[in-house]
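See structure below.
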Amino acid sequence: MVTIRLTNSKTRRKEEFRPIDLSHVRMYVCGPTVYDRAHLGNARPVVVFDTLYRLLRHVYGEGHVTYVRNFTDVDDKINAEALRRQKAGSPGTLEELIHERTEETIAWYHADMDALGALRPNHEPRATDFIGQMIAMTQGLIASGHAYAAEGHVLFRVRSYKDYGKLSGRSVDDMIAGARVEVAPFKEDPMDFVLWKPSSGEEPGCGSPWGKGRPGWHIECSAMAHELLGESLDIHGGGLDLQFPHHENEIAQSACAHPHGRFAQYWLHNEMLQVEGKKMSKSLGNFFTVRDLLDGNTPGGVKYPGEVIRFALLKTHYRKPMDWTAEAAREASAELSKWWTATDKVSAGEESTAVVAALSDDLNTHGALTELRKLYKEGDFPSLKASAHLLGLLTEEVRWPYTQSLQATLHHNPNTFGRATLSLNSIEDRLSKLRTAAMASKDFSAVDALKSALIAAGVEVRMSKAGVELVPGPDFDPAKLEALL
RNA sequence: GGCGGGUUGGCGGAGAGGUUACGCAGCGGAUUGCAAAUCCGUGAAGACCGGUUCGAUUCCGGUACCCGCCUCCA
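Here's what the structure looks like:
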């Protein structure tokens, strides 16, 4: 069996990955808070851990990996949006409006992450479905002396867990010394964090032994991970920004609530993403949601297919900060286009051991891409296709618009793109005839006019001795094509 | 202030104590009505200072600069 090595944030070292149970590898990754569209930064962990999931399935077998990624649907921003809608006259109770908002956001999330070629995890628990478990866990922590209730809140007693701070390399005393936040009067210790907080008047909440309220963010992941994966699991992932306090608190809660479990053995953190060299922010105008990029709602109006976004994200190792640039996306697009052309009519063969080896070495996706380039150069297209699938590339799900074969487009997208494909076929035929005539008459004006129109419609025109070929590109506009008929 | 990460050729970006990274761009060539696409070839690096070593871009120490977290933002 292939040995996978992963950098474990817990030990700060690259370690051999040994699952607790070879026949059941368990991974938990912190998912989104569903208050709005996922932005590009949210996409990075999704793509990174999706690639790890694909590797684990390859190595341990598809049925032997359980991947859990939660939806945090308890959040003040969600509540605020629901309240805004209610005040604007939307019908329904606040609870209903909250549900409406989270359902709509989850649907967006699914659509956007699907476009990136990310497989759906085995479980996508919603925090609101596990409130009972969170309350039970909180009660257990109080009973064992690790938590206390105060003024409607329940707080975790940080000093009761000796390893607090170990994951993020912080000492409790240092943190208190440098703290900038105001300490709530009911806290025994400034570092204690909330397990349960009260809901006032119009705020949504549910009943608990401590009155109406809602769970704290950290307890959600601990409870869901425990419910779905058990006391001990193999991998826990998330963005580096979650390492402290979120993951630190998760560890403290889970370790104290389940002293016989080991919680997560391997902690993986992806580095942050920047856009054009700057931190993504609305004020700098470099803030993009995944949907913005897919739909071309960007400064240049360029549309980025999900596969291009995915490729660009995989170009940088997950533990390094990465910069999203239009240039990197262009390069990704060019390479994918070549690979699609080469592999389109080829059946997937065997996965390259070099690609598997690269991914197994702490998920070296860039190294894997280099190996894919070698396969392309060597002309081993069946292996290129199979190996690219390990990275979630060249899959049927993300195939459009790199279709070399128009028949294939018709076959795979009969409803959406059928008309466009037929148009392309007929125009291809016309252009070919015009060109043949022009070769004899030496008057190429008609050929050039049609060619320019096609390029304007986002269609790549390939003319050679072999004939004429039209390939729709990322900017393909079926409406403009129709106009040429 | 505390903790952590980074600095590689024009750009992006890896691995390895000594042998070509790779991709993009550039340049030269093939092909082409023109172009696009494709293919072949090619120059170019390791922030700075010191140490270890026969030999360091790769290990160790220091300096400078950049970035992140310490604020429920992945």
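Residues in the first sequence are numbered consecutively from 1319, following my numbering.
C-beta: ideal position from N, C-alpha, C; glycine also.
Taking 7 Å as the limit between beta carbons, can you name the residues of its chain near residue i, skipping five residues before and five after?
i            : result
residue 1687 : 1632 and 1633
residue 1779 : 1769, 1772, 1773 and 1788
residue 1471 : 1504, 1512, 1514, 1515 and 1516
residue 1465 : 1456, 1459, 1472, 1473, 1474, 1475 and 1513
residue 1397 : 1416, 1521 and 1522
residue 1726 : Here the model assigns residue 1726 a pLDDT of 42, short of 50, so the residue's position is not dependable, and the following value carries that caveat. 1662.
residue 1767 : none
residue 1690 : 1673, 1702, 1705 and 1706
residue 1610 : 1616
residue 1365 : 1434, 1436, 1628, 1631 and 1632
residue 1732 : Its pLDDT being 37, under 50, residue 1732 is placed unreliably in this model, and the value from its coordinates should be taken loosely. Around residue 1732: no qualifying Cβ.
Spatial neighbours of residue i within its chain, please: CB distance less than 8 Å, with the 5 preceding and 5 following residues excluded, ordered by chain position.
i            : result
residue 1545 : 1443, 1448 and 1451
residue 1357 : 1598, 1605, 1606, 1607 and 1608
residue 1525 : none
Quick check: what's the CA-CA separation for residue i versus residue j?
i            : j            : result
residue 1735 : residue 1368 : Caution is warranted here: a pLDDT of 42 is assigned to residue 1735, below 50, making its placement in the model unreliable, and no coordinate value can be reported.
residue 1382 : residue 1671 : 21 Å
residue 1568 : residue 1693 : 43 Å
residue 1424 : residue 1751 : 50 Å
residue 1585 : residue 1439 : 18 Å
residue 1654 : residue 1680 : 24 Å
residue 1344 : residue 1557 : 18 Å
residue 1702 : residue 1509 : 51 Å
residue 1401 : residue 1419 : 11 Å
residue 1551 : residue 1394 : 30 Å
residue 1361 : residue 1803 : 39 Å
residue 1412 : residue 1534 : 20 Å
residue 1798 : residue 1764 : 18 Å
residue 1657 : residue 1699 : 8 Å
residue 1683 : residue 1588 : 13 Å
residue 1543 : residue 1619 : 41 Å
residue 1642 : residue 1426 : 22 Å
residue 1553 : residue 1347 : 8 Å
residue 1432 : residue 1583 : 29 Å
residue 1639 : residue 1434 : 20 Å
residue 1325 : residue 1555 : 11 Å
residue 1341 : residue 1385 : 14 Å
residue 1468 : residue 1437 : 43 Å
residue 1669 : residue 1363 : 24 Å
residue 1758 : residue 1375 : 58 Å
residue 1529 : residue 1644 : 51 Å
residue 1409 : residue 1422 : 16 Å
residue 1429 : residue 1714 : 16 Å
Which residues does DSSP pair with residue i in a beta bridge?
i            : result
residue 1371 : According to DSSP, which records beta bridges pairwise, residue 1371 is partnered with nothing at all.
residue 1387 : 1347
residue 1588 : 1557
residue 1580 : For residue 1580, which the question treats as bridged, DSSP gives no partner whatsoever.
residue 1790 : 1777
residue 1446 : Note: residue 1446 sits in no beta bridge, so no partner.
residue 1815 : The question about residue 1815 has no answer here: the residues shown for the chain are numbered 1319 through 1803.
residue 1568 : DSSP lists no partner for residue 1568.
residue 1324 : 1333
residue 1702 : Answer by DSSP bridge pairing: none, since residue 1702 is not bridged.
residue 1551 : 1582
residue 1769 : Answer is none; residue 1769 lacks a bridge partner.
residue 1593 : 1596 and 1642
residue 1782 : 1785
residue 1376 : For residue 1376, which the question treats as bridged, DSSP gives no partner whatsoever.
Sorted by chain position, which residues of the same chain lie with C-beta nearer than 6 Å to residue i's C-beta, five sequence neighbours on each side aside?
i            : result
residue 1445 : 1390, 1391, 1392 and 1538
residue 1322 : 1335 and 1678
residue 1626 : 1647, 1650 and 1651
residue 1479 : 1570 and 1574
residue 1378 : 1343
residue 1593 : 1604 and 1642
residue 1716 : 1435, 1624 and 1625
> What are the start and end residues of each continuous beta strand (DSSP E) run of 3 or more residues lying completely inside the segment 1622-1662, in chain order?
Replying inline: 1640-1642
> If we count Cβ pairs, one from each stretch, closer than 8 Å, do we get three or more for the segment 1457-1464 versus the segment 1480-1492?
Replying inline: no
>> Quick test of the definition: if touching needs 3 or more C-beta pairs under 8 Å, does the segment 1384-1396 touch the segment 1342-1355?
In response: The segment 1384-1396, when compared against the segment 1342-1355, does touch it at the 8 Å Cβ threshold.
> Curious, which full-length beta strand (DSSP E) runs of at least 3 residues does the segment 1456-1543 contain?
Replying inline: 1465-1468, 1471-1474, 1511-1516 and 1531-1533
>> With a threshold of 8 Å, are at least 3 pairs of Cβ atoms found where one atom belongs to the segment 1326-1337 and the other to the segment 1593-1606?
In response: no
>> Threshold first: 4 residues or longer. Then list the alpha helix (DSSP H) segments lying entirely within the segment 1673-1699, N to C.
In response: 1683-1696
> Are there three or more Cβ pairs, one per stretch, closer than 8 Å when the segment 1611-1618 is compared with the segment 1659-1669?
Replying inline: No, because fewer than three Cβ pairs between the segment 1611-1618 and the segment 1659-1669 fall closer than 8 Å, the two stretches do not touch.
> Are the segment 1698-1710 and the segment 1364-1379 touching, with three or more C-beta to C-beta distances below 8 Å?
Replying inline: Per the Cβ contact rule, the segment 1698-1710 is in contact with the segment 1364-1379 (3 or more Cβ pairs under 8 Å).
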